[in-house]
Each structure stands twice: as C-alpha cells, then as structure tokens.
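Peer 1: This is the structure I have questions about; it appears just below.
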C-alpha cells in the first residue's frame with residue numbers, strides 16, 4: 001500500500017482539464033470543457049482520462065530499480081487484485097497527465113502562445129520581435145486565408161492556392177527557431193492560474209494515442225480563435241447549406257456547382273429537376289453574399305452559356321435577404337448593386353428562412369424555394385470554444401477586452417479579432433467582424449508586446465508596472481465589394497451615417513482589385529493572383545471538376 005501511495009503521489013499533479021471538442025470552419029472549438037481556475041479537477045474530468053499508458057511504464061521502472069537495490073517485492077503488474085485496486089484508485093483520484101511544453105525557465109526567452117491563424121493572429125505574429133519572444137502557434141489549419149478573394153475561387157477565377165499563405169512563411173521563426181513551434185491542433189481548455197493551454201491534435205489515426213492531447217505553458221496568451229457562421233438555430237442549415245469562410249468550403253461549393261451542371265445534362269432528367277439542380281440560392285445580402293452572387297453570375301454569363309449550352313437556360317441565381325442588401329453601404333451604392341445584379345440575372349427575394357430541407361427551403365411566409373446549391377452567408381458569431389471559456393464576455397458573447405486588448409480579471413491573456421469585443425463598461429462599441437479590424441488589432445498588439453518585451457515584461461506576471469501607452473483606437477478606412485462584370489462599389493465613409501466619398505462602376509472595380517492585390521500577404525501569392533486574373537480574362541474559367 002505504501003508503494004501504491006508513492007506511485008500515485010508521483011503521478012499526481014494539480015490543475016488541468018480534459019474533454020472533447022468539435023471543429024467547424026476557421027475557428028477553435030470545444031464542447032463541455034471550459035477555462036479552469038480551480039487547482040483541483042472534478043471527478044468526472046478525472047474519469048474522462050482514457051490514456052494512462054504512462055502508468056504501466058512507471059511501475060516497470062520502479063520494479064527494476066528495486067531489484068537492482070536487492071529489494072524483493074511482488075511486482076504490481078503480476079498481482080491481479082493489486083493491479084485492479086491500484087488502477088481504480090489512480091483512475092478515480094489522479095488527474096490526466098499531458099506531455100507538452102513546460103513553463104519557461106529563467107534565462108530563456110518568454111513564450112507567447114497564439115491560438116488561431118486568421119487575420120489578427122497572423123498580423124500579430126508577422127511583426128513580433130523573435131529576438132525577444134519564442135512563439136507557439138496552435139490552430140487546426142496551418143495557413144491564413146485571404147478571405148476577400150475567397151468567393152473568386154468557387155467559380156475558378158482564382159486558384160485555391162492563390163488565397164492561402166502558410167503560417168511558417170508569415171513568421172519564419174515557427175520553422176527555424178529551436179523553441180518556436182506550430183502545432184496543428186484545437187485548444188479545448190485553458191488554465192489561467194497555471195498559465196497552460198490544453199490541446200487535441202488534428203490527425204487521421206497515425207498517432208500512438210487517439211485523440212492525442214498535450215499542454216503548452218505560456219508567459220503570454222493571445223486568443224485569436226475567430227468566429228463561426230451564424231445559423232440562428234434554423235433547422236437543417238448545418239446539414240444542407242454551404243458556408244464560405246474556409247478554402248475547403250470554396251472547394252465543396254465548386255464541386256457541387258460543377259456536379260449539378262453535369263448531372264443536369266444527363267438524358268431523361270425532367271425539366272423541373274433541371275431547374276432545381278441549377279438553382280443557386282444565396283442566403284444573406286452582406287458583402288460575402290453579394291460578391292459570391294456577382295462571381296456566380298459572371299461564371300454563368302460568360303462560361304456556362306458557352307460550355308453547357310444544353311442547360312444554360314435553366315441556370316438561375318437567387319439572393320434572399322431579410323432587409324436591404326449591403327446595409328452598411330451608402331444608399332446610392334446599394335441601389336446600384338441591386339440594379340447591376342438584376343441585369344446580370346440575379347433574382348432577389350425578401351424573406352426569412354424558417355427551415356432548410358435537402359432540396360428546398362421554406363421561408364417564414366410559407367414560400368417554398370427549391371435549390372440545387374445553397375450558400376449560407378448571414379454573418380458570424382462566437383464559436384463554441386469562445387462560449388465555453390469562463391472569461392468576461394462583451395455584448396454578443398465575444399471575449400471581453402479592455403482598451404489595450406487585455407482580458408480583465410486574468411493575467412497575461414489578450415484577445416483580438418472576431419472572437420473579442422470591448423466590454424460594456426469600457427464605453428466602446430463592439431467592432432464589426434471585419435478583416436481590417438482584426439489586422440489593425442494585430443498590428444497594435446505586436447507593437448505593445450515588443451514594447452513590453454524591451455522593458456523585460458515578457459515573462460508571466462511581470463508586466464504589471466510597465467506603462468502600456470495609448471489604447472487601441474479603430475478608424476474605419478471604408479468598405480469595398482465587387483458585384484461582377486468588372487464593376488465594384490467603393491464606400492470611403494468612416495461610418496454608416498458619416499459623409500464621404502462613394503463610387504461605383506469600372507473605376508471602383510480597378511480600385512477594388514488594386515487594393516486587395518496590395519493586401520495579399522506575399523509577393524508569391526500576388527504573382528499567382530495576377531496570373532490567374534490574366535488567364536481567366538484570356539481563356540475563361542476552368543470548369544474541370546476534380547475530386
């Protein structure tokens with residue numbers, strides 16, 4: 001019994017979390033596991049630990065050591081009763097033990113852990129001084145997606161690789177520095193008292209233990225975990241609709257679109273079925289929905305009519321919006337977009353979706369709308385991971401932050417991007433979930449971290465007395481949206497009610513393309529984009545269906 005107690009005490013440690021997660025879109029998600037401030041786990045969490053393989057190796061090592069010292073004992077793994085009692089005792093009272101990165105030691109560089117690889121996270125990592133900090137990035141995807149051009153990949157205007165940038169090219173230290181890492185995993189828990197995050201790898205069965213879980217200790221934690229598409233709890237949306245936030249979403253939309261075009265040409269297909277297969281419905285009249293509708297109408301007018309002549313008259317695009325499309329834009333620009341898309345063959349419907357079925361949607365007024373492709377673009381909200389965290393929340397459920405992007409009530413935790421919003425008591429409004437907001441926050445935070453690091457405040461709990469300087473201030477630079485056929489909208493007002501320059505047409509389209517081309521992360525991808533645009537202009541879009 002004394003030996004069993006020694007073994008258990010050797011395995012016992014404080015803190016920790018354990019649970020399951022689910023992953024969806026550009027976001028880090030979790031179910032049923034939240035941030036833990038208590039040093040003791042619940043009995044349920046302790047029982048949830050399914051991997052105690054390290055226990056058997058611990059026993060074997062101790063047994064060998066005892067024999068070498070001339071002590072004769074009955075090995076625990078040779079006694080059935082003792083084995084059962086010991087394992088029951090350990091499984092009930094000992095916490096799961098994770099491999100991973102322990103806390104940094106004196107003399108080592110402070111470690112910054114970044115959750116996410118979106119606009120905010122990548123802008124932050126790109127400029128962070130790696131002479132001061134080590135970086136550990138944790139995300140289910142190893143690249144950043146240039147979302148403003150994602151709609152163009154669905155119809156072949158751009159290739160998929162043109163809109164992604166590997167994270168280790170954005171911050172080379174992740175690939176070259178001996179103490180900086182990228183881990184392809186999802187975070188399912190955070191312990192702010194112990195300064196640790198708990199993660200589960202994204203794998204396909206090639207690891208020794210599934211699911212494989214580990215921990216990473218941090219000196220500073222930056223949560224930039226993104227958001228999830230809003231479905232408003234409408235039945236059938238997640239099962240039957242396509243979202244447009246990740247490259248794999250665009251790939252699936254492209255496959256479905258081309259498959260429906262080819263299926264509709266098969267002999268014996270009734271006309272009603274052809275109309276359904278070739279009816280593309282877009283839900284949501286924001287910039288993403290409008291730009292996708294414009295790209296789709298371009299594809300139909302220029303490419304489908306030439307290459308699918310047997311079914312070209314059945315192809316139809318409908319955009320459904322509850323209110324006005326592009327509600328943040330100037331009224332004259334909204335009217336221009338409506339007129340232009342109507343001339344391009346896009347139909348408009350006013351209504352709210354009640355439920356979604358495999359082949360049709362039902363609106364709240366009872367209208368039945370059949371579809372072959374359904375794209376859902378109604379905005380974004382907090383992910384399950386963000387909802388699960390026991391942290392202050394801003395209006396709307398995002399992680400609450402102060403003027404310096406810090407999370408109040410916990411030390412060394414910062415949040416930015418779509419997952420963060422100013423607390424109500426800060427007197428600031430929650431900023432929109434836009435790429436320019438996330439990028440500006442990332443730029444501000446990296447400058448703040450570099451300043452803290454130069455004053456020796458990079459280590460955990462060491463930045464309390466360092467002046468942070470000016471708080472973050474966001475100034476809106478304007479909005480742009482393409483509506484297809486070499487036309488776009490440019491709205492340079494700083495707010496919805498402010499006065500400012502607004503323009504629509506071909507010149508705006510040139511401004512739109514030029515602006516986004518300069519914002520593409522690398523020169524390599526800028527070259528890809530230019531070549532893709534030129535190829536599409538000369539030869540049209542590729543309609544090969546691969547996969």
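Numbering (the UniProt record's numbering), first residue to last: 1 to 547. For each residue, glycine too, the CB sits at the ideal point set by N, CA and C.
#1: Can you list the alpha helix (DSSP H) stretches of 4 or more residues lying completely in the region 238-307, in chain order?
#2: Using the Cβ count rule (16 or more neighbours within 10 Å means buried), how would you classify residue 539?
#3: Among 340, 435, 471, 314, whose alpha-carbon lies nearest the alpha-carbon of residue 325?
#4: Would you kindly check if the distance between the Cβ of residue 293 and the Cβ of residue 484 is under 9 Å?
#5: Determine the direct distance from the alpha carbon of residue 404 to that of residue 468, and round the result to whole angstroms.
#6: Would residue 248 and residue 373 be called neighbours here (beta carbons separated by less than 9 Å)?
#7: Would residue 157 and residue 509 qualify as a contact pair, given that the criterion is a beta-carbon distance under 9 Å?
#8: Does the region 448-462 come within contact of the region 100-119, defined as at least 3 CB pairs closer than 8 Å?
#9: Let me know the beta strand (DSSP E) ranges lying completely inside the region 361-391, each 3 residues or longer, listed in chain order.
#10: For the candidate residues 291, 290, 284, 278, whose alpha-carbon lies nearest to that of residue 304?
#11: Please return the same chain residues whose Cβ sits closer than 8 Å to the Cβ of residue 99, not counting the five positions on each side in sequence.
#12: Assuming residue 217 contacts residue 319 (C-beta within less than 8 Å), just tell me the rounded distance between them.
#13: Span of the alpha helix (DSSP H) holding residue 419?
#14: For residue 195, report the span of its beta strand (DSSP E) as first-last.
#15: Should residue 310 be labelled buried (16 or more other beta-carbon atoms within 10 Å of its own) or exposed?
#16: My output table needs one value for residue 546: the three-state DSSP class, helix, strand or coil.
#17: DSSP three-state label for residue 507, please.
#18: Measuring CB to CB, does residue 151 end up less than 9 Å from residue 252?
#19: Closest by CA to residue 199, which one among 97, 180, 312?
#20: Which whole-angstrom value describes the C-beta separation of residue 443 and residue 127, a residue pair presumed to lie in contact below a C-beta threshold of 8 Å?
#21: Just to confirm before moving on: does the CB-CB distance between residue 482 and residue 523 stay below 9 Å?
#22: Could you spell out where the beta strand (DSSP E) holding residue 143 opens and where it closes?
#23: Using beta-carbon positions only, say whether residue 491 and residue 500 come within less than 9 Å of one another.
#24: Roughly how many whole angstroms lie between the Cα atoms of residue 364 and residue 432?
#25: Would residue 141 pass as a contact of residue 246 if the rule is Cβ separation under 9 Å?
#26: Between which two residues does the alpha helix (DSSP H) holding residue 341 run?
#27: Look up residue 548 in the DSSP assignment and say whether it is helix, strand or coil.
#28: Could you please give me the residues that DSSP links to residue 443 through a beta bridge?
#29: What are the start and end residues of the alpha helix (DSSP H) that includes residue 348?
#30: Can you tell me the Cα-Cα spacing of residue 452 and residue 146, whole angstroms?
#31: Can you check whether the CB of residue 321 is closer than 9 Å to the CB of residue 361?
#32: Select from 308, 107, 132 the residue whose C-alpha is nearest the C-alpha of residue 448.
#33: Per DSSP, which one or two residues make a beta bridge with residue 125?
#34: Under 8 Å Cβ to Cβ from residue 179, same chain only, skipping five residues before and after it: list those, please.
#35: Considering only residues of the same chain and omitting the five flanking positions on each side of residue 547, which have a CB-CB separation below 8 Å?
#36: If we count Cβ pairs, one from each stretch, closer than 8 Å, do we get three or more for the region 221-232 versus the region 378-392?
Peer 2: Quick look at the numbers:
#1: You should have 247-263, 271-277, 287-299.
#2: Flag for residue 539 reads exposed.
#3: Answer by Cα proximity: 340.
#4: For the pair residue 484 and residue 293, the CB atoms are nearer than the 9 Å cut-off.
#5: Their backbone Cα atoms lie some 8 Å apart in a straight line.
#6: No, Cβ-Cβ distance for residue 248 and residue 373 is not below 9 Å.
#7: A distance of 9 Å or more separates the beta carbons of residue 157 and residue 509.
#8: The region 448-462 is in contact with the region 100-119.
#9: Counting whole runs of 3 or more residues, the region 361-391 contains the beta strand (DSSP E) stretches 368-370, 373-376.
#10: Minimum Cα distance to residue 304 is reached at 278.
#11: Hits under 8 Å: 214, 215.
#12: Between residue 319 and residue 217 the Cβ distance is about 49 Å, and since that is not below 8 Å, they are no contact.
#13: Note, residue 419: premise wrong, no alpha helix (DSSP H); not H, not E.
#14: Where residue 195 is concerned, there is no enclosing beta strand (DSSP E), because DSSP gives it neither an H nor an E.
#15: Here residue 310 is exposed: its Cβ has fewer than 16 other Cβ atoms, across all protein chains shown, within 10 Å.
#16: Coil.
#17: The answer is helix: DSSP assigns residue 507 an H, G or I state.
#18: No, these two residues do not count as a Cβ contact at 9 Å.
#19: Nearest to residue 199 by alpha-carbon distance, out of 97, 180, 312, is 97.
#20: At roughly 7 Å, the Cβ-Cβ gap stays under 8 Å, so residue 443 and residue 127 are in contact.
#21: In this structure, the beta-carbon distance from residue 482 to residue 523 does not fall below 9 Å.
#22: Looking at the DSSP string, the run of the beta strand (DSSP E) that includes residue 143 is 143-145.
#23: Yes, the Cβ-Cβ distance between residue 491 and residue 500 is below 9 Å.
#24: If I take the Cα positions, the gap works out to 28 Å.
#25: Cβ distance < 9 Å, so residue 141 and residue 246 count as in contact.
#26: Looking at the DSSP string, the run of the alpha helix (DSSP H) that includes residue 341 is 331-343.
#27: Because the chain spans 1 through 547 in this model, residue 548 falls outside it and cannot be assessed.
#28: Checking the DSSP bridge columns, you'll see residue 443 has no partner listed.
#29: Looking at the DSSP string, residue 348 is not in any alpha helix (DSSP H); the run it does join, the beta strand (DSSP E), is 346-350.
#30: Roughly 30 Å between the two C-alpha positions.
#31: Not closer than 9 Å, so no.
#32: Residue 132 is the option with its Cα nearest to residue 448.
#33: Residue 125 pairs with nothing; no bridge assigned.
#34: Non-local beta-carbon contacts of residue 179 in its own chain, meaning distances under 8 Å to residues more than five positions away in sequence, involve 108, 109, 111, 134 in chain order.
#35: So the qualifying residues of the chain are 251, 255.
#36: Yes, the region 221-232 touches the region 378-392.
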